[in-house]
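Enquirer: Residue numbers (the numbering used here): 7 to 513. Okay, handing you the structure first.
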Amino acid sequence: MTTGKIRVRFAPSPTGLLHVGNARTALYNWLFARRAGGVFVLRIEDTDLERSEARYESQLIEDLRWLGLDWDEGPEGPNVTEKGAYGPYRQSERLKIYAGLTEQLLAEDKAYRCFCTPEELAAEHQLAIKQHGPQVYSGRCRRLSPETVEKNLAAGMPFAVRLKIGMEPLRFRDIVRGAVEFAPEAVSDPILVRSAKEGEPGMPVYNYVVTIDDALMKITHVVRGDDHISNTPRQVAIYKAFGWPVPEFAHLSTILGADRERLSKRHGATSIATFREMGYLPEALVNYLGLLGWGAEDGKTEIFTLAELTRAFTLERVTPSPAIFDFEKLNWLNRHYIKLASHERLTALARDYFGGMLPAKDAARDDVEAWFARLVRLFAPSVDHLDQLPAKTSFVFGFDHEAARARAENAEVLAADSARTVLTELANRVRSHSAWVTPEVFKAWLNDIKAATGVNGKELFHPVRIALTGMQSGPDFDKLLPLIEDGAALGLPVTSVQSRVEQFVGV
RNA sequence: GGCGCUAUCGUCUAGGGGUUAGGACGUGAGAUUCUCAAUCUUAAAACACGGGUUCGAUUCCCGUUAGCGCUACCA
Numbered sequence: 007m008t009t010g011k012i013r014v015r016f017a018p019s020p021t022g023l024l025h026v027g028n029a030r031t032a033l034y035n036w037l038f039a040r041r042a043g044g045v046f047v048l049r050i051e052d053t054d055l056e057r058s059e060a061r062y063e064s065q066l067i068e069d070l071r072w073l074g075l076d077w078d079e080g081p082e083g084p085n086v087t088e089k090g091a092y093g094p095y096r097q098s099e100r101l102k103i104y105a106g107l108t109e110q111l112l113a114e115d116k117a118y119r120c121f122c123t124p125e126e127l128a129a130e131h132q133l134a135i136k137q138h139g140p141q142v143y144s145g146r147c148r149r150l151s152p153e154t155v156e157k158n159l160a161a162g163m164p165f166a167v168r169l170k171i172g173m174e175p176l177r178f179r180d181i182v183r184g185a186v187e188f189a190p191e192a193v194s195d196p197i198l199v200r201s202a203k204e205g206e207p208g209m210p211v212y213n214y215v216v217t218i219d220d221a222l223m224k225i226t227h228v229v230r231g232d233d234h235i236s237n238t239p240r241q242v243a244i245y246k247a248f249g250w251p252v253p254e255f256a257h258l259s260t261i262l263g264a265d266r267e268r269l270s271k272r273h274g275a276t277s278i279a280t281f282r283e284m285g286y287l288p289e290a291l292v293n294y295l296g297l298l299g300w301g302a303e304d305g306k307t308e309i310f311t312l313a314e315l316t317r318a319f320t321l322e323r324v325t326p327s328p329a330i331f332d333f334e335k336l337n338w339l340n341r342h343y344i345k346l347a348s349h350e351r352l353t354a355l356a357r358d359y360f361g362g363m364l365p366a367k368d369a370a371r372d373d374v375e376a377w378f379a380r381l382v383r384l385f386a387p388s389v390d391h392l393d394q395l396p397a398k399t400s401f402v403f404g405f406d407h408e409a410a411r412a413r414a415e416n417a418e419v420l421a422a423d424s425a426r427t428v429l430t431e432l433a434n435r436v437r438s439h440s441a442w443v444t445p446e447v448f449k450a451w452l453n454d455i456k457a458a459t460g461v462n463g464k465e466l467f468h469p470v471r472i473a474l475t476g477m478q479s480g481p482d483f484d485k486l487l488p489l490i491e492d493g494a495a496l497g498l499p500v501t502s503v504q505s506r507v508e509q510f511v512g513v
């Protein structure tokens, strides 16, 4: 069926932020096209003028780029140009295309005018419910005589245009699900063009428009969400009416939240923009989305770069069943890619989260930025996403000895006699020391304290760590102490080691 | 109500007429570390139910149940 080049499209509505579900659809389209050496088309379905907004279109373009997805045809940049020979690629600019096609269908007697009023249709609908039958259009106007049609037209009666559905089942091939078949009577004659209102031309309906766009853009494979499965037979009928080749379909399952409901804001982050703001790396998101509804051929590999995915991806291996979005697994992937990311990149990304804690970025303060880079290097590996960094590093900046004492989980450690002794010893050494505390000095202190008190291991380190950080866990002292001391020395809002001990033990 | 789609560990999935039903996330245990994280080792954990077909079904078929989608002159 597919002679020539594979052409796929991603056709989002710019009515909001790019949702992960749509992002996955975009990704799978892109992967399929790239692997096959085909063409990836971006088409903006902005015919819903009420809800479409230009800012969402530019956001969408930004989000796709951020994920690393590019397109061969479609809009280029915010309000700029388009590329590709099958444009326009904004649906709102294609309206004139549809009218001529509708005339053609009417002339060929493949469509007809329907004069039924909304009230009549509603009555039919109610009757169908009462009779437990399928709620479909009866096809009444299909049987109108030409004379009646002429008369109605002359009387200025508003009409919609409906497609004539034939007798044979509507079939299509779905790469994910196999052959799908719908009985023609379950579809009934669908509206193609709404009736005109007060001088405005009749607006074509979504199912009609996508089909025309896909056909005219020579789309060979329609990869989209499975909420469109029930629309597909209607679209197949439209292809047939025009005599256009029916493309192959691949309907991707829905992404659900933990409660098995469609993933929505209720479940937390859902838009690509939000994930980016939270400090997820695009490669983590791409990898995760790749795994959500698709599995590698060996059944084992989980880590994929975009390039590796491109090599491994086939639509045949896409799972038909709905998938629950697992933030934990995404976090695991993100941690993985954070470890792989360059320090420069992480530092630059993390900088935005420290607005209030560091002086504004200033070229003259290279030393501050270098210090910040060390901070990031030390803490980034222990964080799920970068926006957790300020909280994770907060003890480096402010030191609250009262809070440290008050913290419930510290009580037991601090209550031990050995802890008291250790801290007294530590305070003695800190008081008689006037320089910055280097790791060497610190190590010597701890050895001395160990020798003097006989306290070792956990009993030694835990109270010390609490006195220094207020917490029982954190990075190695070897790395942490220089960071604190250098931060204090730079005049940053960082409490020095000496002050910490003095505050905590009391002078 | 009608039509359609779906159904393997808690989650994402591999598999497929005979398997110890595999991997990953998460969870438990252990090793390591002052601690946390990381890392390594390890454990627990699944074929929705009922009928067929078959020597044999988790796998194929039918039904049930459940979830989801569509059922608009929405997109």
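Ideal placement from N, C-alpha and C gives every residue a C-beta, glycine not left out. Note that this is a predicted model, so its numbers are computed, not measured.
1) I'd like the list of long-range same chain contacts for S440, defined as Cβ closer than 6 angstroms, with 5 residues on each side in sequence excluded.
2) If you draw a straight line from the alpha carbon of T501 to that of V182, how long is it in whole angstroms?
3) Would you give the residue range spanned by the alpha helix (DSSP H) that T87 belongs to?
4) Is G460 helix, strand or coil when you go by DSSP?
5) Do three or more CB pairs link the stretch 235–244 to the stretch 325–338 at distances below 8 angstroms?
6) Here's the rule: buried if 16 or more other CB atoms are within 10 angstroms of the residue's CB, otherwise exposed. What is A17?
7) Using 7 angstroms as the cut-off, classify the Cβ of T430 as near or not near the heavy atoms of the ligand ZN, replying yes or no.
8) Give the secondary structure of P387 by DSSP, where H, G and I count as helix, E and B as strand, and everything else as coil.
9) In its own chain, which residues sit with a C-beta less than 6 angstroms from the C-beta of L33, not counting the 5 before and 5 after it?
10) Taking A414 as the reference, which of W300, M284, M477 has the closest Cα?
11) Taking just the CA atoms, how far does W442 sit from Q504?
12) From the DSSP output, in three-state form, read off Y161 for me.
13) Please state whether DSSP places G27 in a helix, a strand or coil.
14) Measure the C-alpha to C-alpha separation of K485 and D368 and round it to an integer number of angstroms.
15) How would you label L315, buried or exposed, when you count the other beta carbons within 10 angstroms and need 16 or more for buried?
16) Note down the Cα distance separating G493 from T226, rounded to an integer number of angstroms.
17) R506: buried (16+ other C-beta within 10 angstroms of its C-beta) or exposed?
18) Could you check what DSSP says for I181 in three-state terms: helix, strand or coil?
19) Identify which residue in K116, P207, L496 has its Cα closest to the Cα of A370.
20) Any idea which residues DSSP pairs R119 with across the strands?
21) Just the Cα atoms here: how many angstroms apart are T8 and K246?
22) Would you check if the distance between the CB atom of Y340 and the CB atom of L298 is smaller than 8 angstroms?
23) Can you tell me which of the three DSSP states H257 falls into?
24) Pick out whichever of A39, R317, E408, D195 has its Cα sitting closest to the Cα of E79.
25) Within the chosen definition, does the stretch 204–218 reach the stretch 175–192 through at least 3 CB pairs nearer than 8 angstroms?
26) Count the other C-beta atoms from every protein chain shown that fall within 10 angstroms of the C-beta of H131, then say buried if there are 16 or more, exposed otherwise.
27) Since I believe P396 is in contact with K345 (beta carbons under 8 angstroms), could you give me their beta-carbon distance rounded to a whole number of angstroms?
28) Of all the options E254, H468, R13, which has the alpha carbon lying nearest to the alpha carbon of Y92?
29) How about L392 and G305: are their beta carbons less than 8 angstroms apart?
30) How many Å lie between G274 and R230 at the Cα?
31) Is G404 helix, strand or coil by DSSP?
32) Find out if the Cβ-Cβ distance for the pair K102, L169 is shorter than 8 angstroms.
33) Within the same chain, show all residues whose beta-carbon is closer than 6 angstroms to that of D219, passing over the 5 residues directly before and after it, in chain order.
34) For A39, which three-state DSSP category applies?
35) Report the rounded CA-to-CA distance for P164 versus A202, giving the unit in angstroms.
36) From the DSSP secondary-structure annotation, give me the bridge partner or partners of T197.
Expert: Taking the definition as stated:
1) none
2) 59 angstroms
3) In the DSSP annotation of this structure, T87 is not part of any alpha helix (DSSP H); the continuous beta strand (DSSP E) holding it starts and ends at 87–89.
4) coil
5) Two segments are said to touch when three or more pairs of C-beta atoms, one from each, lie closer than 8 angstroms; by this definition the stretch 235–244 does not touch the stretch 325–338.
6) buried
7) With respect to the ligand ZN, the structure offers nothing, as it holds no ligand at all.
8) helix
9) L295
10) Measuring from the Cα of A414, the nearest candidate turns out to be M477.
11) 8 angstroms
12) Note that residue 161 is Ala in the sequence shown, not Tyr. Here A161 sits in coil by DSSP.
13) helix
14) Counting only the Cα atoms, D368 lies some 25 angstroms from K485.
15) Buried.
16) 59 angstroms
17) buried
18) Assigned with DSSP and collapsed to three states, I181 falls in coil, not helix or strand.
19) L496
20) V167
21) Residue placement at T8 is poorly supported in this model, since its pLDDT is 45, which falls under 50; the coordinates still yield a value, given next. Rounded to whole angstroms, T8 to K246 spans 16 angstroms at the Cα level.
22) Checking the sequence, you will find Asn at residue 340 rather than Tyr. It is not a contact, given that the beta carbons lie outside the stated cut-off.
23) strand
24) That would be A39, whose Cα lies nearest to the Cα of E79.
25) no
26) exposed
27) Not a contact, Cβ separation roughly 20 angstroms.
28) Comparing Cα positions, the closest option is R13.
29) no
30) 23 angstroms
31) coil
32) The answer is no: Cβ separation not under 8 angstroms.
33) Spatial neighbours of D219 in its own chain (CB-CB distance under 6 angstroms, excluding positions within 5 residues in sequence) are not present.
34) helix
35) 6 angstroms
36) Checking the sequence shown, residue 197 turns out to be Ile, not Thr. Beta-bridge pairing links I197 to R168.
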